[in-house]
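Novice:
There are 2 protein chains.
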Amino acid sequence: MFELPFTLPSIHAAYQQGTCPEAIVEEVFRRIDVVADPGIFIHLFDKTEVLEAAKALGAYDPDKPLWGIPFVIKDNIDAAGKPTTAGCPAYEYHADEDAFVVKRLRDAGALLIGKTNLDQFATGLVGVRSPFQPPKNSVDPKMVPGGSSSGSAVAVGHGIVSFSLGTDTAGSGRVPGALNNIVGLKPTLGALSATGVVPACRTLDTISIFALTVDDAYSAYQVAAAFDAGDAYSRDIAAPELPPLPGKLKIGIPDTGSIEFFGDELQARSFYDTVDLLKQQGAEIVEVDFTPFYDVAHMLYEGAWVAERHTVIEELMRDQPEAVHPTTVKVVSAALKLSATDAFRGFYRLKELARKTEPVLASLDMLCVPTMPTFYSVADLEADPIGPNSRNGTYTNFVNLLDMCGLAVPVAPRSDGRPGSVTLLAAAGKDWAVAALGRKLEQLGSHTLGATGWSLPEPVTSLPGAAPGELAIAVCG
Amino acid sequence: MFELPFTLPSIHAAYQQGTCPEAIVEEVFRRIDVVADPGIFIHLFDKTEVLEAAKALGAYDPDKPLWGIPFVIKDNIDAAGKPTTAGCPAYEYHADEDAFVVKRLRDAGALLIGKTNLDQFATGLVGVRSPFQPPKNSVDPKMVPGGSSSGSAVAVGHGIVSFSLGTDTAGSGRVPGALNNIVGLKPTLGALSATGVVPACRTLDTISIFALTVDDAYSAYQVAAAFDAGDAYSRDIAAPELPPLPGKLKIGIPDTGSIEFFGDELQARSFYDTVDLLKQQGAEIVEVDFTPFYDVAHMLYEGAWVAERHTVIEELMRDQPEAVHPTTVKVVSAALKLSATDAFRGFYRLKELARKTEPVLASLDMLCVPTMPTFYSVADLEADPIGPNSRNGTYTNFVNLLDMCGLAVPVAPRSDGRPGSVTLLAAAGKDWAVAALGRKLEQLGSHTLGATGWSLPEPVTSLPGAAPGELAIAVCG
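The listed protein sequences correspond, in order, to chains A and B. Position 293 (the first sequence) corresponds to 293 in the working numbering; numbering is contiguous. Position 46 (the second sequence) corresponds to 1046 in the working numbering; numbering is contiguous.
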C-alpha cells in the first residue's frame, strides 16, 4: 500500500501511463482509511462527490498544471457548498463560493478532498486547541501535530494528498511542516488572496501551502498566486519559474548570544549541520543579533494585534463564551484591555523595531533559522497549554509583522530520528528565492518525505515511471 | 516699506548687489513691528540673536541654497535651545537640538526668526484653537487665519519671512495657505523627517512648507528632504529639479454629483476657471466620483486615528485637563471610547476604501480640487467651533490617509477679492509633479503674493535686481 508517491511528478507520470484520476481518488480514500485518524478532517467529502469531480475533469489537459492532483484545505477556508467552521461549531457558516485561491486550484485541475482540523480560529502553533478531536502527528503520535494548520499538515505528512492549504499568521504554515517532516511555504502577505478565508489577524494573515517537496509546494503556489481586486490586502507578487541559485548567497543566522534551543542540543546540532551544508554550497554565513526580531515576535500576542483576532470573535465571546475553546478565550481576552491608543503605541513600536532590522535584512539575501527551537509532546501541552506554544513561535512570530516570506524545509533527520527542519526567510516578494534555495537544501538533506518513507523524486527533468500494479484497480471513464 | 519682495530670487539679487544678511534681519524685525500682530509668534527670537546668526554666516556661499533666507517654524517643531509648546504652555519642553529638518535648513544658510502659533497640538484647520492670542488672517483680519499652522502661514502672507514650516496631518499645511494667498507644499509622508516634531497623528503627519511662490517652497523642500534613520517613518523620496510639464496631463476633478462648495458660488466659479486654464494648457479633465475620498476623510476624526492624538496628550488630559484647549479636549476625547478592536476595524475599512480609490488614481496623473470649499470668519468659529473646521477639511482630510502628496497653489482672486486656491494631489513620491504643474498654474493666475501686493517674480533664469534704497540701512560685517 501507499506505493505510489503522491508527489506531482509521480502522479503525473501515473497519468501519462494511463492511470485515471478516479483511481487516484480511490487511493486517497483508501489511505484515509488506513491512516484511520479521525482528527484530520472536520469535513471529509463523500467519495462519490470527489469521484464525480475527477470524472468531470475529462481528458488529460496539459494546460492544467494540477490536473487530477488531490488536495485538502484548512477549515477556515471556504469551499463552495460546504460549511466553514474555523474549528468552532458555533461559528459555522455555509460557503456559497470557493475561496479565491481554492477556485484557482480547482480551475487548474486539482481535486479537493475535504476540509481539515485546526487550532480554533487559527490561534495556536500546536494543533491541540480544537473542540474536534485533534489529529495525531504523522511522524510520532506522542508529539503535537503542530498548528494551527494541523490537519492539513498531517494529511500531507501521511501522503494522503499531494498538497494542502493552511494559513499562517504567526507560524501556522511552518511549524506543522517541521513537525510532520514536510515543506511549508508561507508566501509574502497578499500574494494569495484572502477572499473566502476566516481572518485570524487580517493584516498579518496569509494562506500557506504544505507539500512533500519544495517543487510541489511552489507549483501549487504559482497556480494560487494572483492579484484579487476583491481583497483589500491583495498584492501583485511575482511567482516566476525558479531560477538557478546565484553563486554566493549571504545568509544570516541568529548569533550565538541570541540563538535559542531551550536546551535541545540535538536541535542545535541539526541546525548547525544545515548551516555547514550552506557553507559548503558557497554561502557566506553572517551571525545576526536576533534581539530585535524577538522583540517584534513578542508584540504579536502581547501587543495590539491580538485585537485583530478579537474583531473576528467579539460577538461569539460575548454571547456564547462557552462555544469558544478555553485557551482561545484566554489568548484573545487580552484584547479587552487594549485601547485604540494602545494599538497605535504598538504600531509605533513595531515601526521602530522594523527600522532596526531593516539594515540587517538589506545587507543579506536571506535568513536561515530553525523552524522550531525544540519539540513538544501532547502531554507537555496538557500540562501547560500556553508556554510550549509560545516557544514554538520563537522563529516564526516576527516574520509576518516584518513583511517577510518564508519556507520551512525538511533537512536530514536528527540523530534521534526526529525530523530536521530549517526555515528560510526573505523580504516580501522573494518567495522564489527561498524556494530556489529550499529546493537545493532538501536535495542535500537525504530525508524521506513526511511519514511516508518515500524518497525525494529525481529532479523534474526526468519523470519517474510508475511500476504496474502500484495502484488499486479502478475503472476509468 | 516692504519694498523688497522676500522671494528667494529677490533676496538673492539683493545679496548679489551687496546687501548683507544683517540688513535682511533688520528688515524682518521692522516688518514684524509694522504688522503688529502679537498672535503670529509664540517665541519670537531676540533680534540680537538672529543678527549674530546672520553675521556667523560669513561670506556668501553659493553652495548654501538658503544662505541668508529668513524663515519661521511652527511651535510644534524643535529649535535648539528653545522651548517647544505645541500651543500648550503646560506641555512645554526645552529642545536641546534642532529638529532634523530645521538643522538641514540652517545648515543650508537659512536664518530662523522664531516659532509660530498654531491650533493646539496641530488639531484644527482654523487657527483659532490656541490659548495664545490667535494670529489674524493676513489678507482679511475678519476671516480665520487657517490652521493648524496659522502663525507660519500668516508670517509668509505678510512677507515677514520667505518661507516657513508648518505640519500637515489633515490639511494644516494647505488650508492656511489658501486663506493667506500663499503656496502650501504638503510633501509625501516621510519625505521630511519627523525627528524633533511633536506628533499629531504620527502615522499621518508631515512637516509642510509655506512660501510666496512654488519655486521658493520647492527650493526649501529640496534642502529639507532627506532620509533620516532616526525616524521610523522616514522614507527616501526623490526631490529632483522640476522638469518641464509633459504634453498632456490627465487630471481628475470631483464630479458634479460629488463636488461640494456649501453654497459658495464664487468659490465654485474660481475653481472651474482654474479647470478651464488646465484645459487650455492641454490637460484632459476627468470627472471623478469623490464619495470614496470623502468616506476616507470622515475616518480621520470619526475613526481610530483620533487615538493617535490621544497618545500624545493622554497624560495631560488626565492630569491637567484644564491645561488643554476645550475644543481639543472635545475632539481628542473621542479616543477614550475606542478599543484596539475598533482601531483594527478602522484600518480594514480604510484599506477597503483605498482599494476603491486606487484604480481611479492609477488612471490619472493628478487630482485638482478646491483647497477649501468656502471661507469662514472668526465669528463663524465663535458660533460653532467644530462644524466650519470640519467643512474646511473637505478636500484635505483624505490625502494623508491615502498616502498622497499635495500642493495648495494660489490662483486668480475671486470676483469678491478673496484669494483663489486649488490643491493638486498626486501619488506618494510625485511631489515634483505637483510642484511642476503648480508653478505653471501660479504663472497663469495673475495674482499678487500673499497680502503683500508683490508680483510673482519673472521665471528664475533672469533675476530681478533690487533698486537702491529698497532696504533699511544696515552695516555689514
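Note that CB positions come from ideal geometry on N, CA and C, so glycine has one too.
Have a look at residue 1186(B) and residue 130(A) and give me their C-alpha separation to the nearest angstrom.
Specialist: 51 Å
Novice: Does residue 1034(B) pass the burial test, meaning 16 or more other C-beta atoms within 10 Å, or should it be called exposed?
Specialist: Residue burial annotation: residue 1034(B) is exposed, with fewer than 16 other C-beta atoms found within 10 angstroms of its C-beta.
Novice: Along chain A, in chain order, which residues have C-beta atoms closer than 8 Å to that of residue 1291(B)?
Specialist: By Cβ distance, chain A contributes nothing, its closest Cβ being about 17 Å from residue 1291(B), past 8 Å.
Novice: Which term fits residue 461(A), buried or exposed, when burial requires 16 or more other beta carbons within 10 angstroms of its beta carbon?
Specialist: Reliability of the predicted coordinates at residue 461(A) is poor, the pLDDT of 43 falling under 50, and the value obtained from them is presented with this limitation in mind. That one is exposed.
Novice: Measure from the C-beta of residue 436(A) to each C-beta in chain B and report whether the shortest distance is under 8 Å.
Specialist: Among the CB atoms of chain B, none fall inside 8 Å of the CB of residue 436(A).
Novice: For residue 1177(B), does the count of other Cβ atoms within 10 angstroms reach 16, so buried, or fall short, so exposed?
Specialist: buried
Novice: Starting from residue 26(A) and walking both ways along the alpha helix (DSSP H), at which residues does that stretch end?
Specialist: 21-35
Novice: Does residue 1185(B) come within less than 8 Å of chain A when only Cβ atoms are used?
Specialist: no
Novice: Name the chain B residues that come within less than 7 Å of residue 351(A), Cβ to Cβ?
Specialist: 1232 and 1233
Novice: When you compare only the Cα positions, how much space is there between residue 457(A) and residue 282(A)?
Specialist: One C-alpha to the other measures close to 24 Å.
Novice: Runs of 3 residues minimum, wholly inside the stretch 42-82 of chain A: which ones carry the beta strand (DSSP E) assignment?
Specialist: DSSP assignment within the stretch 42-82 of chain A yields the following whole beta strand (DSSP E) runs of 3 residues or more, N-terminal first: 70-74.
Novice: Once you ignore the five residues that flank residue 1335(B) on each side, which residues in its own chain have a CB closer than 6 Å to its CB?
Specialist: 1306, 1307 and 1310
Novice: Per DSSP, which one or two residues make a beta bridge with residue 1094(B)?
Specialist: 1083(B)
Novice: At the 8 Å Cβ level, is residue 1347(B) part of the contact set with chain A, yes or no?
Specialist: yes
Novice: Examine chain B for any beta-carbon lying closer than 8 Å to the beta-carbon of residue 304(A), and answer yes or no.
Specialist: yes
Novice: May I ask which residues mark the beginning and end of the alpha helix (DSSP H) holding residue 151(A)?
Specialist: Looking at the DSSP string, the run of the alpha helix (DSSP H) that includes residue 151(A) is 150-157.
Novice: For residue 1386(B), list the residues DSSP reports as bridge partners.
Specialist: Bridge partners of residue 1386(B): none, in fact.
Novice: Here's a check: name, in chain order, each residue in its chain whose Cβ is nearer than 7 Å to the Cβ of residue 1141(B), leaving out the five neighbours to either side.
Specialist: No residues qualify anywhere along the chain.
Novice: Under a Cβ-count criterion, where at least 16 other Cβ atoms within 10 Å of its own Cβ denotes burial, should residue 1393(B) be classed as buried or exposed?
Specialist: buried
Novice: Could you pull out every residue in the same chain whose Cβ sits closer than 8 Å to the Cβ of residue 54(A), ignoring the five residues on either side in sequence?
Specialist: 20, 21, 22, 24, 25, 68 and 111
Novice: Specify whether the stretch 1119-1126 of chain B and the stretch 1046-1061 of chain B touch according to this definition: at least 3 beta carbon pairs, one from each stretch, less than 8 Å apart.
Specialist: no
Novice: Evaluate the contact criterion for the stretch 1440-1450 of chain B versus the stretch 1148-1159 of chain B: three or more CB pairs, one atom per stretch, below 8 Å.
Specialist: These segments touch.
Novice: Pull up the CB-CB distance for residue 209(A) and residue 217(A), whole angstroms please, since I reckon it's below 8 Å.
Specialist: Yes, they are in contact, since the Cβ atoms of residue 209(A) and residue 217(A) sit about 5 Å apart, within 8 Å.
Novice: Give me, in chain order, the residues of the same chain whose beta-carbon lies closer than 6 Å to that of residue 408(A); leave out the 5 immediate sequence neighbours on both sides.
Specialist: So the list reads 174, 177, 178, 184, 371, 421 and 423, once near-sequence residues are dropped.
Novice: Pick out the complete alpha helix (DSSP H) segments inside the stretch 1113-1195 of chain B, 4 residues or longer, and give them in chain order.
Specialist: Correct list: 1150-1157 and 1175-1179.
Novice: Kindly indicate the opening and closing residues of the beta strand (DSSP E) around residue 1327(B).
Specialist: From DSSP, residue 1327(B) is part of no beta strand (DSSP E) but of the alpha helix (DSSP H) over 1326-1332.
Novice: Going by the CB atoms, is the gap between residue 98(A) and residue 79(A) shorter than 8 Å?
Specialist: Their beta carbons are under 8 Å apart, which means residue 79(A) touches residue 98(A) by this criterion.
Novice: Any Cβ of chain B within less than 8 Å of the Cβ of residue 3(A)?
Specialist: no
Novice: Under 7 Å Cβ-Cβ, which residues of chain B neighbour residue 338(A)?
Specialist: 1339 and 1340
Novice: Please decide whether residue 1202(B) counts as near chain A, where near means a Cβ-Cβ distance under 8 Å.
Specialist: yes
Novice: Would you give the residue range spanned by the beta strand (DSSP E) that residue 366(A) belongs to?
Specialist: Per DSSP, residue 366(A) belongs to the beta strand (DSSP E) from 366-370.
Novice: List, in order along the chain, the chain B residues whose C-beta lies closer than 8 Å to that of residue 227(A)?
Specialist: None at all; the shortest Cβ gap to chain B is about 11 Å.
Novice: Are three or more beta carbon pairs between the stretch 345-363 of chain A and the stretch 275-295 of chain A nearer than 8 Å?
Specialist: Touching, yes, given that three or more Cβ pairs across the two stretches are closer than 8 Å.
Novice: Report the option in 1263(B), 1286(B), 1262(B) and 1277(B) whose CA atom is closest to the CA atom of residue 1254(B).
Specialist: 1286(B)
Novice: Distance check for residue 1095(B) and residue 378(A), CA to CA, integer angstroms please.
Specialist: 57 Å
Novice: For the candidate residues 1100(B), 1102(B), 1076(B) and 1154(B), whose alpha-carbon lies nearest to that of residue 1092(B)?
Specialist: Comparing C-alpha distances from residue 1092(B) to each of 1100(B), 1102(B), 1076(B) and 1154(B) shows the shortest one belongs to 1076(B).
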